[in-house]
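Below you'll find the structure, written out as structure tokens, and then a few comments.
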Amino acid sequence: MISLDRIGDIHTFVQIVQAGNLSAAAQRLDLSLAAVSKRLSRLERTLGCRLLERTTRKSSLTEAGRDFYHHGVALLGHAEQAQKAVQSRQRGMRGLLKVGSSSAFARHQIVPRLPRLLARHPALKIELVGLDDSADRPHPDIDVAIRWQRPAPRHGLASLELGLDQLVLCAAPTYLEQYGRPRTPADLYSHRWVLCGRPAQHGWPPVLEHAEDFSDVQWSTQAGSWDLAQTAVLAGLGIAAQSLRDAADALSDGRLEEVLRDVRPAPEPIFASWPTESETPRLQGFVHFLQEELSASAWPFRSGHAPSVA
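The end of the sequence shown is residue 325 by this note's numbering, with every number in the run present.
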């Protein structure tokens, strides 16, 4: 096996072949003829075969040399690509990246983590764009979108699961004192709800996922964002499904209470998605940073999976 420190010898051999002889290769490499000859001899000893039939004026490939030349060119090409990829990753975390997510996710999950990211990459700039709709479609004003559902397979769209988020059913104590606490899932039909999109799309309990339309549930308020939905719930307008992480502070200080903990909705996967044609090192760096951050944090997040490309 050829060790990595023999890459220079392979490069020298390729230059000899392309230049036509050792003297011309020495000029190309700015080395002495003796140094070039030494590198070639060392490579031949490593391989255990003669690569060139050589004179000062002309060198001709042996059969083994001809085979090794093609492999050597490919090897050097891969090494150069690997070097460029690493250097691009290090240099590439710069410039403007437009990130779309719900305002609640940005406030609770992205913004608190940005100081660590920007400290590592001071040339990077992040623009946060509100995406409080759940529509699975490309957004012209952002580079990467973060949503609570797997993007539909689409050519040219890449996605990465960032983790899982646990949704909980919450209500304000004032609401529960006035309307009572639900004891079973069936009780939920008689309660007032704060909606944020259609029930089946946002982690409602199984008893409600078969509702054909909004007439099956009594809703008092329909909010256009998760932040507005939580504000409405805090005001005592009804019960709502909320991200456990987003509602954690209000639950811990008593402003909200979780209802029917035993029938929590199934965890929701969180995905980042982006058009492959606009993929950049800063975009890749950001989504993997966010995945690592969320995977390292306590539940409701856990490790995501490898990127998928439609």
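Ideal placement from N, C-alpha and C gives every residue a C-beta, glycine not left out.
Q: Report the rounded CA-to-CA distance for A173 versus G87, giving the unit in angstroms.
A: 34 angstroms
**Q.** Selected residue, minimal CA-CA separation from G384, among E272, K73, C211
**A.** Lying before the first or after the last residue shown, residue 384 is absent from the chain, which here runs from 16 to 325.
Q.
I need the straight-line Cα distance from A187 to P200, nearest angstrom please.
A. 18 angstroms
**Q.** 8 angstroms contact criterion, which C185 and A262 should meet: CB distance rounded
**A.** 5 angstroms
Q: Let me know if I111 comes out buried or exposed under the rule of 16 or more other beta-carbons within 10 Å of its beta-carbon.
A: Note that residue 111 is Leu in the sequence shown, not Ile. The residue is exposed, with fewer than 16 neighbouring Cβ atoms inside 10 Å.
Q: Give me the Cα-Cα distance between E95 and V29, rounded to the nearest whole angstrom.
A: 14 angstroms
(Q) I need the boundaries of the alpha helix (DSSP H) containing Q257, first residue and last residue. (A) That residue, Q257, is in no alpha helix (DSSP H); its beta strand (DSSP E) goes 255-258.
Q. Short check: CB of P284 to CB of R128, under 8 angstroms?
A. no
(Q) With the cut-off set at 8 angstroms, would you say A208 and S240 are in Cβ contact? (A) The question names Ala, yet the displayed sequence has Trp at residue 208. No; because the gap between Cβ atoms is not below 8 angstroms, this pair is not in contact.
(Q) Assuming the contact rule is C-beta atoms closer than 8 angstroms, S288 and A160 should be a hit. Round their C-beta distance to whole Å, please. (A) 5 angstroms
Q.
Using 8 angstroms for Cβ pairs, my map puts I141 next to G115. What's the rounded Cβ distance?
A. With 8 angstroms as the limit, I141 and G115 do not qualify as a contact, their Cβ atoms being about 11 angstroms apart.
Q: Pick helix, strand or coil for H217, following the three-state DSSP scheme.
A: The predicted position of H217 is uncertain, since its pLDDT is 46 and thus under 50; a value taken from the coordinates is nonetheless stated next. If DSSP states are grouped into helix, strand and coil, H217 belongs with coil.
(Q) For D24, report the span of its alpha helix (DSSP H) as first-last. (A) 22-34
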